[in-house]
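All remarks here apply to the structure that follows.
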Amino acid sequence: MKPIWIEIPTTDIQRAKTFYESVFDEKLQLLDMGEFKMAIFTSGGFALCQLKDVYRPSTEGPLIYLNGNPDLNTILEKVAPAGGEILIEKRQISEEQGYMAVFTDTEGNRLGLRSKN
Numbered sequence: 233m234k235p236i237w238i239e240i241p242t243t244d245i246q247r248a249k250t251f252y253e254s255v256f257d258e259k260l261q262l263l264d265m266g267e268f269k270m271a272i273f274t275s276g277g278f279a280l281c282q283l284k285d286v287y288r289p290s291t292e293g294p295l296i297y298l299n300g301n302p303d304l305n306t307i308l309e310k311v312a313p314a315g316g317e318i319l320i321e322k323r324q325i326s327e328e329q330g331y332m333a334v335f336t337d338t339e340g341n342r343l344g345l346r347s348k349n
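Just so you know, our numbering puts 240 at position 8 of the sequence shown, and the rest follows in order with no gaps.
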């Protein structure tokens, strides 16, 4: 099975958009459909979503890992200044699997990063 679309819950779409643009150096496309707001990553495959009583940020549930290549440290050094928190510092999984780290965003979502270096 291969995921085709991932939605990251937000309570403040603009705050979350600013966080992800800062941490991942990527502009997000904001779609405002009244109560439902979405900020789509131009790299494709996922978006930030805000709709009261539907999307609830959480540190529980499935853990989604984002691409941290070429080196997780490039992304991790931006997390705290942008308002997030590093939960698990960069650590090696194995030589074959590379490295991982886990952080929370400004909305309280827990996300992971993986990279070869």
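Ideal placement from N, C-alpha and C gives every residue a C-beta, glycine not left out.
Reference residue i; option with closest CA among the options
i	options	result
TYR297	GLN282, ILE320 and LEU283	ILE320
ALA333	GLU253, ASN349 and PRO289	ASN349
THR306	VAL286, GLU267 and ASP257	ASP257
ALA312	GLY340, GLY293 and LEU295	GLY340
TRP237	SER275, ARG247, GLY266 and GLN246	SER275
ASP244	MET265, CYS281 and LEU308	CYS281
SER351	LYS249, THR242 and PRO235	In the structure as shown, the chain begins at 233 and stops at 349. Residue 351 is therefore absent and cannot be evaluated.
Rounded straight-line distance, which links the Cα of residue j to that of residue i
i	j	result
GLY300	GLN261	21 Å
GLY344	LEU263	25 Å
LYS203	ALA314	Lying before the first or after the last residue shown, residue 203 is absent from the chain, which here runs from 233 to 349.
ALA279	TYR252	10 Å
GLY316	THR336	5 Å
Beta-carbon proximity list for residue i, same chain, < 8 Å, skipping 5 on both sides
i	result
GLY330	GLN324, ARG346, SER347, LYS348 and ASN349
Exposed unless 16 or more other CB atoms sit within 10 angstroms - verdict on residue i
i	result
VAL255	buried
ARG342	buried
LEU304	buried
LYS284	exposed
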